[in-house]
Each structure stands twice: as structure tokens, then as C-alpha cells.
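First up is the structure itself, then whatever we jot down about it.
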Amino acid sequence: MTNQNAVAPDAETRIDKLISVAMSMSNSRLLPGAAVPESLAVLGAFLGIPQKKLMKRIEDGGAKGGAKGGAKVHALVDSMRASSPSRVKSTIPIPGNQDQSSWILHHPSALDKFEQIICRSKGKQIVAFLDYDGTLSPIVPDPDKAFMTKKMRATVKDIARNFPTAIVSGRCRDKVYNFVKLPELYYAGSHGMDIKGPSRRGHSERGNQILCQPASKFLPMINEVYKILLEKTKSVPGAKVENNKFCLSVHFRCVDEKSWGALAEEVRLVLNEYPKLRLTQGRKVLEIRPTIKWDKGKALEFLLESLGYENSKDVFPIYIGDDRTDEDAFKVLSSRGQGMGILVSRVPKETDACYTLQDPTEVEQFLRRLVERKRKSSDTLPKVDNCRL
Ligand SMILES: [Mg+2]
37 MTNQNAVAPD AETRIDKLIS VAMSMSNSRL LPGAAVPESL AVLGAFLGIP QKKLMKRIED
97 GGAKGGAKGG AKVHALVDSM RASSPSRVKS TIPIPGNQDQ SSWILHHPSA LDKFEQIICR
157 SKGKQIVAFL DYDGTLSPIV PDPDKAFMTK KMRATVKDIA RNFPTAIVSG RCRDKVYNFV
217 KLPELYYAGS HGMDIKGPSR RGHSERGNQI LCQPASKFLP MINEVYKILL EKTKSVPGAK
277 VENNKFCLSV HFRCVDEKSW GALAEEVRLV LNEYPKLRLT QGRKVLEIRP TIKWDKGKAL
337 EFLLESLGYE NSKDVFPIYI GDDRTDEDAF KVLSSRGQGM GILVSRVPKE TDACYTLQDP
397 TEVEQFLRRL VERKRKSSDT LPKVDNCRL
């Protein structure tokens, strides 16, 4: 078995071969409906190469192009297909004990394990970090109409009354604010590259405080690429390019699957000219962002530091998200040994989150229970000694 940390001379070739095999498996009658992530999990486990590394290879290939650009676009398209919830099948057994039942065993429902979570957080300051799309709002065909329900807004408002709360989204900060409309929250837009603190004067902009914009020098480049992508993707019906200020999104949720290859190729060709930008992928969206080492995990760390919890052992961050970009935050919490990540997903995924919730409805229920529990006297909480995970 290959050492995951070793750099074998033929590693590059082997990874490319793996991607090709995974692509052919995705079209195989033996594995109907199999998508690249599942196929990569199978093959990666066999050769001792993490699935994440293989997926990153696909993303990097999509951005860098070169002689293998065509094959990488095909792989990227399969990855795009895999990101569509309707195409992700849970019937494919994934090695490493990650089939459906095993996955639930290792990543149980945060609702089912609510009392355990309360035990873990007892005596500590909960800080809530919430992704927006797919977490507080459903994934809808038109990203401009990804509204949260009134019930969810009321619950998030209550959460913010009881705990420091931040929205961490890939969207432009102003846009996600217009969806949430709660001035008492922290907002980290553009995958955490645009962070603003809560207003002290209601909706007054003058009362808000810009806390962090680490990618500000990329603004001209992002705007330039936005205009180019707008033009280049006109030929792909349903494609929608969104300017998130410090990053861009190319939504393909309304693009016919037959056109995904053309769209991926257009994006790849544009990014060939901008090596300081990289391509990542979310749910039904291609993300273009600066190559700086900043992500939702860094944003989480920054906000904890800003709130005065940098070295505190009495803080319990809870991060809830549904996307691969949220994994950076889950990983930070895992490495800090603090708090917990909750992945919003109905199907098994490789994740560093501890718990799961199925959809925004369950997220609302979980947040509501947190609020209700906070309102009760701490005397009613279970004794720590009785709490075992
Ligand atoms: Mg999301």
C-alpha cells in the first residue's frame, strides 16, 4: 500500500490514470449512476491516495489546462454531475466503512445526538457559524431567489440574541446580507474574504465595521474576469455568472447537462490566462477565486480571534454547512479539537464534520432547540459525568 505522504515518481501519471478509470466507471453498466467522487473513493482507497487529493487534481486540471485539458474538462464535467444532488446515489458502497449505515454511524444526526452536543458545550461559549445556500436556504434553480423562510429568519435572529453568530458564505457579502437581513450578525462573504462586524446603529452602514478583506488587491482582476465570463458563457443557455466581489460563481443548476462540457471548457480557457485565480467547485456551481491561502476555515479562525476566543478553551464553535468549501472550516475545528462541524447532506460524503443534518428544515429545528435549551436554566442540563460520545 502506498504511503499517502510519500511522493512517488510516477504519482502524477498514476493520479491521471485514476481519474480516467473513475470517469469510465461513472459510465459503466457495472456501476450505474456512479459519479466521480464515489469512483475515486474506490480507486483511491485501493492505491492509498485520498479521494480529496484526486478531486483537487480534477479542479486544478480544470484551471490549468494544457495538453490534458480536454480530459480534465471531461473529469470536471463528471464532477459537476456528481455535485447535483439528484444524481448522487447512495446505493454505491464506498470502501473504508463509508456506506450509508456506516456513514450515519460515524456522522450521526445532530438532532438525534442533541443531548450529547449540549454536554460537550456545557460551560463553554457557543459561537454559531452558518453557511447560507443549502444550509439556511434551499438550493433553488435561480440563485437570486434562494430566500430563507420567515421561520428560519426568526430562528437565526434568536440564535444571534443568545450566541455570537456569523454567516459564512461564498456569496457577495452584500447579497447574503440582503437575504438574511439581520444587522446583528457577522457576515463573511466571498468565502470569508470579506468580513464585516455587526451594526451598532441598526441598518446604518456607518455603524458597520469592515474587519477583514485579504483579497482586495484582486478586485480589478475579478471584475475583468467577470466581464469576460459573462460574454463567453452567453452561448451556454442557463449559465449564470455571479460577481461575489472577491470571487466569482458560474452557476450551472439551470444548464442542460449536455452543455456542461461546453461551459467547463469556456471557464477553463478563460482561467488559463489568469494563473493567479483558481477553480474550485461547490453544489451546482463552479467557483473562481484568488490563489491566496484564505478560505472559510481561515475566516472562522479570524472571527474567533476577533471575538476574543483565539486561545480560549471555553469556547464551543458550531459550524453548519453543506458544501465542500465548508470542509475547510470543519477541518479547522477538528484540528483545534474545539466545537464541532455539522454537514448538511442527505447522502454520504467524505467530511471532517462530526454530525449531520439532512436539510435546512433540520437546521432550523437544531438551531431552535439550541435557543430553547439556552433559555432554560443551566441547572436542567444533564450532568457532564453522564455524557459520553
Ligand atoms: Mg452552501
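For what it's worth, the working numbering labels the leading residue of the sequence shown as 37, then goes sequentially. Just so it is clear, CB atoms sit at the ideal spot from N, CA and C, and this is done for glycine as well.
For this session: Quick one: measure Cβ to Cβ for aspartate 230 and phenylalanine 282, integer angstroms, because I've assumed they're closer than 8 angstroms.
Result: 6 angstroms
Problem set entry | Residues bridged to glycine 377 (per DSSP) | Tyr355
Problem set entry | Among Pro396, Ala335, Ser348, Tyr345, nearest to lysine 367 - alpha-carbon criterion | Ala335
For this session: Check whether the Cβ of glycine 373 lies closer than 7 angstroms to any heavy atom of ligand 1, and answer yes or no.
Result: no
For this session: Return the chain-ordered list of same chain residues with a C-beta closer than 8 angstroms to the C-beta of tyrosine 310, the five sequence neighbours on each side being excluded.
Result: Met257, Val261
For this session: Please state whether DSSP places valine 113 in a helix, a strand or coil.
Result: helix
Exercise. Can you name the start and end residues of the beta strand (DSSP E) that glutamate 267 belongs to?
Worked result: Segment 255-268 is the alpha helix (DSSP H) holding glutamate 267; no beta strand (DSSP E) there.
Exercise. Measuring from the CB of threonine 171, is there a heavy atom of ligand 1 at a distance below 7 angstroms?
Worked result: yes
Exercise. Which stretch, first to last residue, makes up the beta strand (DSSP E) that contains aspartate 230?
Worked result: 230-233
For this session: Determine the burial state of lysine 270: buried for a count of at least 16 other Cβ atoms within 10 Å of its Cβ, exposed for fewer.
Result: exposed
Exercise. Would the C-beta of glycine 377 count as close to ligand 1, meaning under 7 angstroms from any of its heavy atoms?
Worked result: no
For this session: Using three-state DSSP, classify proline 219 as helix, strand or coil.
Result: coil
For this session: Have a look at Leu112, Pro200, Glu323 and flag the residue whose alpha-carbon is nearest the alpha-carbon of valine 277.
Result: Glu323
For this session: Answer with buried or exposed for valine 163, where buried requires no fewer than 16 other C-beta atoms within 10 angstroms of its C-beta.
Result: buried
For this session: Check lysine 193 in the structure and name its three-state DSSP category.
Result: helix
Exercise. Mapping DSSP to helix, strand and coil, what is glycine 318?
Worked result: strand
Exercise. Measuring CB to CB, does threonine 403 end up less than 8 angstroms from alanine 389?
Worked result: Here residue 403 turns out to be leucine, not threonine, going by the sequence shown. Not in contact: leucine 403 and alanine 389 (Cβ atoms no closer than 8 angstroms).
For this session: Quick one: grab the DSSP three-state call for leucine 313.
Result: strand
For this session: Can you grab the Cα-Cα spacing for the pair isoleucine 153 / glutamate 346, in whole Å?
Result: 22 angstroms
Exercise. Given 8 angstroms as the limit, is there contact between the stretch 299-318 and the stretch 197-205, that is, 3 or more CB pairs closer than that?
Worked result: no
Exercise. Between the C-alpha atoms of methionine 116 and aspartate 292, what's the straight-line distance to the nearest angstrom?
Worked result: 12 angstroms
Exercise. Cβ atoms of histidine 227 and threonine 392: under 8 angstroms apart, would you say?
Worked result: no
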